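Remarks on the structure that follows.
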C-alpha cells in the first residue's frame with residue numbers, strides 16, 4: 003500500500019511522476035528537518051500525510067526529481083530516489099568544517115595536577131605504550147571506585163602536551179547522546195549546522211558518526227570517554243571508535259571481549275598507605291596497624307580515601323576506626339547469596355564479591371564513621387537527583403536545591419568534600435564545581451531515604467524543562483534534547499514508583515522520543531505513564547484522558563490505527579463529560595480522532611468531527627485566530643478526500659487570508675496555504691490558478707530557505723506538472 007504526496011496534498015493522477023522509497027528513510031523528514039519549520043507549524047496537511055504513512059514497512063510515494071542518484075528499493079525494480087537526507091561521507095568533511103579553526107580543548111577538559119595523584123604510574127605508562135604502538139582504543143577497566151577515572155586523569159595530566167586536540171566526555175546517558183548533546187564539542191568541530199540538518203530520528207547515531215568522522219583527520223587528538231558502562235553500546239560503537247584516528251581512552255566497569263585493556267586493581271600497600279596518610283592526620287599509625295585496616299578494605303582506592311577523610315573530619319582515633327571497620331567486615335560466604343552479573347560483561351564471581359564488599363563498606367563508613375549532621379545530609383540529598391560522576395557548579399545546583407526547598411550552602415558543601423562524600427573542582431578561572439561518585443550516590447539514596455514523593459518537585463520541573471511545543475517559536479527541539487539525559491536518569495532512579503509526576507515525566511520523555519522518530523520507545527514510555535495514571539485516578543479523570551490521547555498519537559505513528567482510535571474515542575467521551583462540547587480540549591480530541599479516522603478511510607466521520615472542532619475553535623478564539631486556520635486547513639484536506647473540492651478551496655482561501663493577517667505575507671504558513679490551495683485547483687483542472695498559487699508559494703520558500711531546500715524542488719516539480727497539463 004502506498005500514499006501520494008506533493009508538499010501537503012494528494013493527487014492520484016500523476017503516479018508516473020512519483021517515486022517510491024522506504025518509510026524508514028523518509029520518516030517525518032520535512033516536518034522535523036529544520037526546527038524553524040516545526041516551530042512555525044508549516045504544512046498541517048503534510049503532517050496528516052506523514053501520520054498516515056508512518057506505520058509498518060509501507061512505502062511512501064514522493065516526487066521524482068531529476069538529477070538524483072538511483073537506489074534499489076526492491077529486487078524487481080529500480081526507482082529514482084531524491085537525495086534529501088544529509089549524509090556523512092567518510093571521505094569528505096562537512097562544508098563548514100573546511101574553513102573552521104578547531105580549538106585545542108574541544109570541550110570542558112579537566113586540568114588535573116599529576117603531583118596530587120598517588121600511584122597509577124604503571125597503568126598510565128601501559129596506556130601510553132599501547133596507544134603509541136598503534137592500539138586504536140584502550141579500555142581502562144576495573145570495579146567501581148578502584149581508580150579508573152584517576153588513571154585517565156593522570157594520563158591526561160602527564161601526556162596532554164603530546165596532543166594538539168583534547169576532548170573529555172563523562173557519560174551519563176547513551177554513548178551517542180553524550181557526543182551530540184555536548185554543544186561545546188559540536189561547536190568546536192564546526193558541526194552545529196550539520197547536526198541541525200539531520201533528521202531528528204537520525205540525530206544520535208548519524209550525529210555521533212559525524213563527530214567521530216570529523217575527529218578522524220585531526221592530528222594528535224585524544225578522546226577520553228569516562229564512565230562508559232553500557233556494554234551493548236561499547237560493542238556497537240567499537241568499530242567506529244577504532245576507525246577514529248584519535249587516541250581513544252575509555253574507562254568502564256565492563257570488560258567486553260576483544261578490547262585492548264589496561265586493568266586497574268587495588269593500590270599496592272605502600273601507595274595505599276600514602277593515600278590514607280594524605281587525608282588522615284589525626285593520628286600517625288605505624289605501618290603494621292595501618293596495613294590491617296587497609297587489608298580489611300582490600301586496598302580499594304575509594305574506600306581508603308573515604309575512610310581516611312571521614313575519620314579525620316570526625317576526629318575518630320585510629321584504633322576505634324580499625325575496630326569499627328573490622329566489626330563490619332563482610333565475609334565472602336554472605337556474598338555468595340547475592341545475584342551476580344556475568345556473561346559478556348566479563349565480571350567473574352570473585353569480581354562481583356569485590357563490588358558487593360565495596361558497596362557494603364561505603365554504607366558502613368556512611369553510617370558508622372562519617373557522623374553526618376542533619377544539615378550536611380540535607381545538602382547531600384539533592385545530589386542524588388542528578389546523574390553522578392558529572393561536575394555541577396553552584397549555578398547548576400541552584401534549581402534542584404530550590405525545587406527541593408533547600409538553601410544551597412557552599413560552606414556545608416565544603417565540609418562534605420572534606421569528609422569525602424563530594425568531590426570539588428576548583429581550577430583557576432573556573433567556577434567551583436562539585437560531583438558525587440556513583441557508588442556514594444547509591445548509598446546516599448538508601449541512607450537518606452530518597453523517595454519519588456520527596457523528589458516530586460524536581461521530577462515535575464525536569465519534565466517541564468524537556469517539554470517541547472512545536473508551536474512555540476521559543477522552543478528548540480535540539481536544546482530540549484540536551485536535558486533528556488537528566489530526565490532519563492530520574493526515570494531510571496524512580497521507575498519502580500507510581501506518582502503523578504513520574505507519569506508526566508515518562509510522557510514528556512516519550513514526546514521527545516516521538517519527535518526524534520523513536521515511535522516504539524515513545525509508545526512504551528507512554529504505556530507506562532497511562533498505567534500509572536490509571537492506578538492514581540478515576541477512569542474519567544482529565545489526566546487519564548491526556549495520557550490516552552498522547553499514547554494514541556504514538557500508535558498512529560506506528561500504524562496501529564484501530565488501537566489509536568479506541569483510545570481517542572475514550573478520551574473524547576471523557577472530555578465531553580468533564581468539559582462539555584464547546585471546550586478547546588474537546589476540539590483537540592476531535593481533531594486527533596478525525597486524523598485517525600481519515601487514516602482508516604472513514605472520511606465522513608472525520609469530516610463530521612473536524613466540522614465540530616472548527617465551530618468550537620471559532621467560538622473559543624474568534625474567526626481570525628491561527629488555531630481556526632489550522633482547523634480549516636485540516637477540514638479542507640478531508641473534503642478533498644471526499645471530492646468536495648469547492649468547499650475545500652473555500653476553506654483554504656479563508657485560512658490563507660488568516661495566515662497573511664496573522665503572520666505577514668512572507669511567512670511559511672502563508673506558503674503552505676498557497677501550496678495546498680494550488681493542489682485543490684490542480685485537482686479541479688483550474689491550472690492557471692494552481693500555477694499562480696504554486697509560484698507565490700515558491701517565492702516565499704526562496705525568501706525563507708534560499709535555493710537548496712527540498713521544499714524548493716518539490717514546488718518546482720509541482721509547477722512543472724501544472725505547466726505540462728497546460729501545454730496539453
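In this note's numbering, the protein residues as written are 3 to 730. Ideal placement from N, C-alpha and C gives every residue a C-beta, glycine not left out. Nothing here was measured: the structure is a model prediction, and the numbers come from that model.
Residue 425 - DSSP class collapsed to helix/strand/coil:
strand
Beta-carbon separation of residue 702 and residue 682 under 7 angstroms?
no
Contact defined as beta carbons within less than 8 angstroms: I believe residue 222 pairs with residue 280. What is the distance between those atoms, to the nearest angstrom?
Going by Cβ atoms, the distance from residue 222 to residue 280 rounds to 34 angstroms, so no, they are not a contact pair.
Could you please give the first and the last residue of the uninterrupted alpha helix (DSSP H) stretch that includes residue 456?
454-467
DSSP-derived helix/strand/coil call for residue 727:
helix
Rounded to whole angstroms, what's the CA-CA distance from residue 604 to residue 613? Just pull it up for me.
14 angstroms
For residue 734, count neighbouring C-beta atoms within 10 Å of its own C-beta (all shown protein chains included) and say buried if the count is 16 or more, exposed if not.
Residue 734 lies beyond the stretch modelled for the chain, which goes from 3 to 730, so this question has no answer here.
How about residue 675 and residue 658: are their beta carbons less than 7 angstroms apart?
yes
Three-way DSSP call (helix, strand, coil) for residue 717 in this model:
helix
Among the candidates 439, 494, 383 and 420, whose CA atom is the shortest distance from the CA of residue 447?
383
Does residue 494 come out as helix, strand or coil in the three-state DSSP assignment?
helix
Does DSSP classify residue 228 as helix, strand or coil?
strand
Looking at C-beta atoms only, is the number of pairs between the region 188-208 and the region 251-265 that lie closer than 8 angstroms three or more?
no
Using a Cβ distance threshold of 8 angstroms, determine whether the region 148-161 contacts the region 213-232, with at least three qualifying pairs required.
yes
I'd like to know if the region 510-517 and the region 534-548 are in contact, where contact means that at least 3 CB-CB pairs between them fall below 8 angstroms.
no
In angstroms with no decimal places, state the Cα-to-Cα distance between residue 498 and residue 524.
18 angstroms
When you compare only the Cα positions, how much space is there between residue 501 and residue 510?
14 angstroms
Which of helix, strand or coil does DSSP assign to residue 167?
strand
Determine the direct distance from the alpha carbon of residue 127 to that of residue 177, and round the result to whole angstroms.
26 angstroms
Closer than 6 angstroms by C-beta to residue 660: which residues in its own chain qualify, once you throw out the five before and the five after it? Chain order, please.
626 and 631
Residue 640 beta carbon less than 7 angstroms from that of residue 591:
no
Use the C-beta contact count for residue 453: other C-beta atoms within 10 angstroms, 16 or more gives buried, fewer gives exposed.
exposed
C-alpha distance - residue 148 paired with residue 531, whole-angstrom precision
38 angstroms
Would the beta-carbon of residue 142 fall within 7 angstroms of that of residue 264?
yes
Separation of residue 645 from residue 698, as counted between CA atoms
25 angstroms
How is residue 104 classed by DSSP in three states: helix, strand or coil?
coil
C-beta atoms of residue 684 and residue 717 nearer than 7 angstroms
no
What is the DSSP secondary structure of residue 472, counted as helix, strand or coil?
coil
Indicate the three-state DSSP secondary structure (helix, strand or coil) for residue 109 in the structure shown.
coil
Sequence-distant residues of its chain with Cβ nearer than 8 angstroms to residue 416 (five each side left out)
426
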